[in-house]
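These notes concern the structure reproduced below.
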Amino acid sequence: MSDGDGRDSLKFLGERENQQWKRKKKKLGADEFAQAIARIAVAQVCEGLGFQSFHQSALDSLADVGVRYIREIGKTACSYANLANRSQCNVFDVIQGLEDLGSIQGFSGASDVSHSLSGSGVVKDLIRYVGQAEEIPFAYLTPVFPVVKQRTLDPSFAQAGESPPDEHIPSWLPKFPEPETYATLSLRNEKDLETEVVNKTQLVEEQHRKVERPLLNFQQKLICNGSEAGVVVEQGDAAKAQRAAESNPFLAPPLQYGEKEVALPVLPPKLLDDPADYHNSCVVTDTNLLTLEPSLRPRETERSAPCEPEDRRNILLNGRPSLQFKFGNGKKSLRMVTSPRNESIEKVSLWFGDDHDGKDKTNRKAEKILWENTEYPPEVSHL
Amino acid sequence: MNGQTSHQQSKDGRHDDDAALTEFLASLMDYTPTIPDELVEHYLAKSGFQCPDIRLTRLVAVATQKFIADVATDALQQCKARQSAVVKDKRDKQQKDKRLILTMDDLSKALREYGVNVKHQEYFADCPSAGLDSASREE
Chain G
1 MSDGDGRDSL KFLGERENQQ WKRKKKKLGA DEFAQAIARI AVAQVCEGLG
51 FQSFHQSALD SLADVGVRYI REIGKTACSY ANLANRSQCN VFDVIQGLED
101 LGSIQGFSGA SDVSHSLSGS GVVKDLIRYV GQAEEIPFAY LTPVFPVVKQ
151 RTLDPSFAQA GESPPDEHIP SWLPKFPEPE TYATLSLRNE KDLETEVVNK
201 TQLVEEQHRK VERPLLNFQQ KLICNGSEAG VVVEQGDAAK AQRAAESNPF
251 LAPPLQYGEK EVALPVLPPK LLDDPADYHN SCVVTDTNLL TLEPSLRPRE
301 TERSAPCEPE DRRNILLNGR PSLQFKFGNG KKSLRMVTSP RNESIEKVSL
351 WFGDDHDGKD KTNRKAEKIL WENTEYPPEV SHL
Chain R
1 MNGQTSHQQS KDGRHDDDAA LTEFLASLMD YTPTIPDELV EHYLAKSGFQ
51 CPDIRLTRLV AVATQKFIAD VATDALQQCK ARQSAVVKDK RDKQQKDKRL
101 ILTMDDLSKA LREYGVNVKH QEYFADCPSA GLDSASREE
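These protein sequence lines are chains G and R, in that order.
Under full-length UniProt numbering, think of the first position of the first sequence as 1, with each following residue one higher.
Under full-length UniProt numbering, think of the first position of the second sequence as 1, with each following residue one higher.
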């Protein structure tokens, strides 16, 4: 809007104005409707006084000022009512508010401190104005706004006649939603189930899948390492939590020493004398497969050290064990968990795909020859 | 004696004032302010004003209408004063500028009397020709 020039404003929509108008249109605040009505009302008042046209910005400003005036009257009237220990305003509060606002312009009798409010100058001015001004009704029929939607609240436990599942939930709180509404997963493969079961923290979610539950229990029994067996969990049951606690291995009592065989940590080769102790330890957590593979390319003397199938892959620069994270699709992870350590190593090798026993030895020899003379054999990444 | 009579007179005066106010509020129901009731109620509710009496909303509406009318009248006078000052030379301009336009300039001058400071940018410099039109106009 080019408001420096009156003629430009009279054009309906110039190019620039069109763009600006479009930009303006996008920013619709919450009060747009009320402001639009205020603009119309103010325009009508101005028209009644003799204005023939207006600048858009001038009209907006005047409408905004009018709205602020209304709000200011409301605020001052409310504060006067509160001052008099009332919550509802009456006419004298409004008159006092008007006096406050009119004190800038001044009204007759303003200096008279003890004048009665009903005989106040503002009231007289208003009476005079109403008598003089011609009545211009508003151009449109305005609905009552803002429209208040009737909200249907969720029923509480008490209203629905249900008892809350746990003691700590009071009955006046809204009900829990139906399990069907948030159990989004449909029938899935068995293999997918197995991987999820490995994650113990997902137990509670699993409970809500009616179809997979018996399968779930069976798998849980298979997989839990000697600890508490799988759980049969009922839905919507208050005892569910207890049973979940029973099945949750994190809440189980700790194992005694020697009850379960735990793999020893793999030390880096520098600390170990015997190269035959090199082995790969696989640690399975959830669906991740973390392989700790120590440096297996001894540069000093043990060239003939027996290399595990994965050794040739771990060519390190400075002798630190390399960490290789395998984020698998979990289809093979079950075997990782259940099989003993040696088997798991072989499974890992199979996973890498290109390691067949026949090729191993030839490859190893070739790489040995290649990297015999180099100090810093290149690091091979296999992922 | 004098004090008593004046006191009585003031009492009567107060009764008159009260009567006048009551009458005024009653007459408000006949008079429809230009600003619609719903708008006034919306903004009064926003500012915490609580009153179920519709006469008070009408009172506030009339007061606001009066305020805006006063401001607009002052702006109109400014506009007319400017036009009478500008018109010296040609009659063509005179006929063209008969149109009374509510401009930001006049409005800001009028509002300043009421304690509202509205400053408006001269032009928006978003293209090379911005501001040139007004400069050429003020010859």
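We put the beta carbon where it would ideally sit given N, CA and C, even for glycine.
Integer Cβ distance of Ala-69/R from Asp-37/R, believed to fall under 8 Å: Not really, about 18 Å apart at Cβ, beyond 8 Å.
Reference Ala-43/G, options Ser-118/G, Ala-139/G, Ile-104/G, Gly-106/G, closest by Cα: Looking at Ser-118/G, Ala-139/G, Ile-104/G, Gly-106/G, the one whose alpha-carbon comes closest to that of Ala-43/G is Ala-139/G.
DSSP-derived helix/strand/coil call for Asp-18/R: Helix, per DSSP.
Beta-carbon neighbours of Ser-47/R, restricted to chain G and to distances below 7 Å: Neighbours of Ser-47/R across chain G, judged by C-beta separation under 7 Å: Arg-71, Gly-74, Lys-75, Cys-78.
Beta-carbon contacts of Met-104/R that lie in its chain and below 8 Å, excluding the five residues immediately before and after: Val-118, His-120.
N-terminal and C-terminal residue of the beta strand (DSSP E) that Lys-326/G is part of: Here the beta strand (DSSP E) through Lys-326/G covers 322-327.
Identified DSSP bridge partners for Ala-102/R: One detail in the question is off: residue 102/R reads as Leu in this sequence, not Ala. Partner(s): Phe-54/G.
Endpoints, alpha helix (DSSP H) assigned at Phe-157/G: Start and end: 157-160.
Bridge-paired residues (DSSP) for Pro-174/G: In the DSSP output, where bridge partners are listed per residue, Pro-174/G has Ser-156/G.
Lys-109/G and Gly-97/G closer than 8 Å at C-beta: Going by the sequence as given, residue 109/G is Gly instead of Lys. 8 Å or more divides the Cβ of Gly-109/G from the Cβ of Gly-97/G.
Contact check, residue 389/G vs Val-40/R, beta carbons under 8 Å: The structure shown does not extend to residue 389/G, since chain G is modelled only from 1 to 383, so the question has no answer here.
Per-residue DSSP class, three states only, for Leu-49/G: Secondary structure of Leu-49/G (DSSP, three-state): helix.
Cβ neighbours of Ile-73/G in the same chain (closer than 6 Å, five flanking residues each side left out): Correct list, in chain order: Gly-97.
Cβ pair Leu-59/R, Val-94/G closer than 8 Å: A contact, by the Cβ cut-off of 8 Å.
For Arg-128/G, three-class secondary structure by DSSP: In the three-state reduction of the DSSP assignment, Arg-128/G falls in the helix class.
Beta-carbon proximity of Asp-106/R to Cys-79/R, cut-off 8 Å: Result yes, Cβ atoms of Asp-106/R and Cys-79/R sit closer than 8 Å.
Listed by chain order, chain R residues near Gly-119/G by CB distance under 7 Å: Residues of chain R whose Cβ lies closer than 7 Å to the Cβ of Gly-119/G are, in chain order, Gly-13, Arg-14, Asp-17.
Interface flag, Met-29/R vs chain G, CB-CB below 8 Å: So, not an interface residue.
Cutoff 8 Å: Gln-77/R Cβ touching any chain G Cβ: For Gln-77/R, no CB of chain G lies under 8 Å from its own CB, so it is not counted at the interface with that chain.
Which of helix, strand or coil DSSP assigns to Gly-109/G: Three-state DSSP puts Gly-109/G in coil, outside helix and strand.
Proximity test, Cβ basis, 8 Å: Gln-50/R and chain G: At least one CB atom of chain G sits nearer than 8 Å to the CB of Gln-50/R.
Three-state secondary structure assigned by DSSP to Tyr-114/R: Coil, per DSSP.
Pro-146/G to Tyr-31/R span [Cα, whole Å]: Between Pro-146/G and Tyr-31/R, the C-alpha separation is close to 25 Å.
Identity of the residue in Gly-119/G, Ile-40/G, Asn-90/G nearest Ala-19/R by Cα: Among Gly-119/G, Ile-40/G, Asn-90/G, the Cα nearest to that of Ala-19/R belongs to Gly-119/G.
Short CB-CB distance (under 8 Å) between Arg-82/R and chain G: No, its Cβ sits nowhere closer than 8 Å to a Cβ of chain G.
Within-8 Å CB hit, Thr-142/G to chain R: A Cβ of chain R is located within less than 8 Å of the beta carbon of Thr-142/G.
For Ile-54/R, the three-state DSSP class (helix, strand or coil): Helix at Ile-54/R.
Ser-325/G versus Lys-175/G: straight-line alpha-carbon distance, rounded: Note on identity: in this sequence residue 325/G is Phe, with Ser being the wrong assignment. Roughly 43 Å separates the two Cα atoms.
Cα-Cα separation, Tyr-182/G to Val-45/G: So the two alpha carbons sit approximately 57 Å from each other.
Cβ-Cβ separation, Val-116/R to Val-65/G (assumed contact under 8 Å), whole Å: Confirmed, about 6 Å.
Environment of His-168/G [buried if 16+ CB atoms lie within 10 Å]: The residue in question, His-168/G, is exposed, as its Cβ has fewer than 16 Cβ neighbours within 10 Å.
Any C-beta of chain G under 8 Å from that of Ala-72/R: Yes, its Cβ sits closer than 8 Å to a Cβ of chain G.
Residue range of the unbroken alpha helix (DSSP H) whose run includes Glu-99/G: It spans 91-102 - the alpha helix (DSSP H) in which Glu-99/G sits, taken as one unbroken run.
Extent of the continuous alpha helix (DSSP H) run through Lys-46/R: First-last of the alpha helix (DSSP H) with Lys-46/R: 37-46.
Separation of Glu-162/G from Ser-61/G, as counted between CA atoms: So the two alpha carbons sit approximately 57 Å from each other.
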